[in-house]
Amino acid sequence: MAQVEEQNNKGFRLLPAPSKYENGVVKFGDREIKIGGPLPKLAPNEKLIRVTQSLCPACYRLLPATIFEKDEKMYIRKICPEHGEFEDLYYGDVGMYYKFDYWEYEGKGPKVPYVDLKSPCPFNCGLCPMHHQHSALVNLVITNRCDLSCWYCFFFAEKAGYVFEPTLEQIRFMVQQLKRQDITLVIQVTGGEPTLREDLVEIVRLLREEGVKHIQLNTWGGTFAKLYMEDPDKAIKYAVALREAGVNTVYMSFDGTTRKTNPKNHWEIPYTLEVFRRAGMTSVVLVPTVIKTVNDHDLGNIVKFAARNIDVVRSVNFQPVSLTGMMKRNMRAKFRITIPEVLKNIEEQTDGEIT
């Protein structure tokens with residue numbers, strides 16, 4: 001891999017990046033991923049910020065990419081020799097980008113790399129010796145099964161073509177390997193939909209036994225609502241069991257306050273929150289996936305909804321949608337939204353109460 005310079009407020013550092021002069025392949029069993037492509041050129045009205053690396057969304061070829069400033073916004077551009085040029089909005093406000101970049105902080109890196117550096121990022125994941133950051137909140141995937149099929153989700157067994165569900169012994173081994181990093185153990189139990197596992201309470205108890213300080217459950221909440229409609233006491237008992245086993249926070253999907261903005265769990269949310277309220281689960285984080293033209297006009301209402309349920313809702317974590325895979329440029333432009341636009345919408349839709 002070639003060495004390229006990346007500029008930030010701390011100066012320059014060398015990063016491995018693919019070069020048009022170093023075409024090659026990375027092998028995964030019988031599959032080969034190509035490496036390298038032309039470095040995209042900039043127009044006179046475009047200012048280069050840095051060179052990085054990216055993937056072709058069609059064939060996953062590892063490509064050099066440029067991040068550049070244009071019209072007070074940041075864009076990323078890459079060119080695949082087979083599938084052409086791709087350009088996307090990278091950050092919606094130049095000033096905010098530089099403001100955030102000033103506070104960029106690199107962690108201490110992994111204490112114990114798990115894999116040797118045999119191929120370029122992201123095909124050598126690990127953790128490998130190239131990582132600059134240590135693990136902060138660790139996602140523990142206990143299943144890729146889900147009882148929903150959200151069109152924007154990138155993690156779904158139906159798309160993967162197989163079911164992934166580690167055993168209790170495998171989960172314990174994962175946590176024990178994590179402990180080698182000598183970090184504060186903070187884990188989010190995720191999926192798929194974790195509540196589809198009948199041994200979820202046992203898994204949470206196992207994590208607590210292994211010394212995990214904070215356990216966060218990622219869910220869309222449907223299991224709790226369904227149980228409540230069948231038998232309220234059973235639903236409350238289940239939530240209490242999770243809380244007593246060690247769940248500190250429920251990280252719950254909530255895309256909006258109407259049927260249109262939140263078809264996922266609009267009808268279930270009142271029942272789910274009632275279960276948590278009666279079970280003493282008072283640390284719920286609402287997690288909207290923000291998609292332009294779909295629910296970006298409803299962000300202020302989400303904040304107000306959270307405030308009305310402040311007895312159980314601790315915060316709202318807005319997540320701009322991650323558009324993955326092959327999608328036409330006009331569709332990417334239609335749906336893509338970045339952090340600056342989200343912040344602006346929240347401020348405007350709360351009449352400046354959140355600023």
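Using the UniProt record's numbering, read the sequence shown as starting at 1 and increasing by one per residue.
Built from N, CA and C at the ideal position, the CB exists for glycine as well.
- Between Gly95 and Lys73, the CB-CB gap reaches or exceeds 8 Å.
- Exclusion of the five residues before and after Ala225 leaves Glu268, Tyr271 and Thr272 as the residues of its chain whose Cβ lies within less than 7 Å of its Cβ.
- For Pro110, the number of other beta carbons within 10 angstroms of its own is at least 16, and it is reported as buried.
- Cβ neighbours of Gly246 within its own chain (closer than 7 Å, five residues either side excluded): Val204, Arg205, Leu207, Arg208 and Ile215.
- At the C-beta level, Val141 and Leu185 stay beyond 8 Å of one another.
- Taken in chain order, the complete alpha helix (DSSP H) segments of 4 or more residues contained in the region 193-230 are 200-209 and 222-230.
- With a beta-carbon spacing of about 5 Å, Val138 and Ile187 fall inside the 8 Å limit used to define contacts.
- Going by beta carbons, Ile236 and Val284 fall outside the 8 Å limit.
- Distances from the alpha-carbon of Pro232 to those of Leu196, Asn265, Lys264 and Arg277 put Arg277 closest.
- Met174: member of the alpha helix (DSSP H) spanning Leu168 to Lys179, first to last residue.
- Using a Cβ distance threshold of 8 Å, Val321 and Tyr75 do not count as a contacting pair.
- Thr282 has its alpha-carbon roughly 22 Å from the corresponding atom of Thr289.
- Counting along the chain, Glu69 sits inside the beta strand (DSSP E) bounded by residues Leu62 to Lys70.
- Around the C-beta of Thr355, fewer than 16 other C-beta atoms lie within 10 Å, and the residue is accordingly described as exposed.
- With 16 or more other Cβ atoms inside 10 Å of its own Cβ, Gln53 counts as buried.
- Cβ contact annotation for Tyr228 (same chain, cutoff 6 Å, sequence separation greater than five): Ala235, Tyr271 and Val275, in chain order.
- Cβ contact annotation for Val201 (same chain, cutoff 7 Å, sequence separation greater than five): Ala241, Leu242 and Ala245, in chain order.
- Tyr162 is classed as exposed because its beta carbon has fewer than 16 other beta carbons within 10 Å across all chains shown.
- In the structure shown, Phe86 adopts extended strand secondary structure according to DSSP, grouped into three states.
- Listed in chain order, the non-local C-beta contacts of Asn124 below 7 Å within the same chain comprise Val115, Leu117 and Lys118, local neighbours out to five positions each way being set aside.
- Under the rule that a run must span 4 or more residues, the alpha helix (DSSP H) segments found entirely inside the region 281-336 read 299-308 and 329-335.
- Residue nearest to Lys292 within the set Gly37, Asn45, Leu48 and Leu89 is Leu89 (criterion: CA-CA distance).
- Each of Gly352, Thr261 and Arg61 was checked against the Cα of Pro81, and the nearest Cα belongs to Arg61.
- Ranked by Cα distance from Arg172, the first of Ala65, Glu210, Ser149 and His132 is Glu210.
- When only Cα atoms are considered, Thr249 and Leu343 end up about 24 Å apart.
- For Ser135 against Gln176, the beta-carbon gap comes to about 14 Å, at or over 8 Å, which does not count as contact.
- If you look at Val250, you'll find it in the beta strand (DSSP E) that goes Thr249 to Ser253.
- The continuous alpha helix (DSSP H) containing Met96 extends over residues Val94 to Tyr102.
- DSSP links Ser54 through a beta bridge to Leu63.
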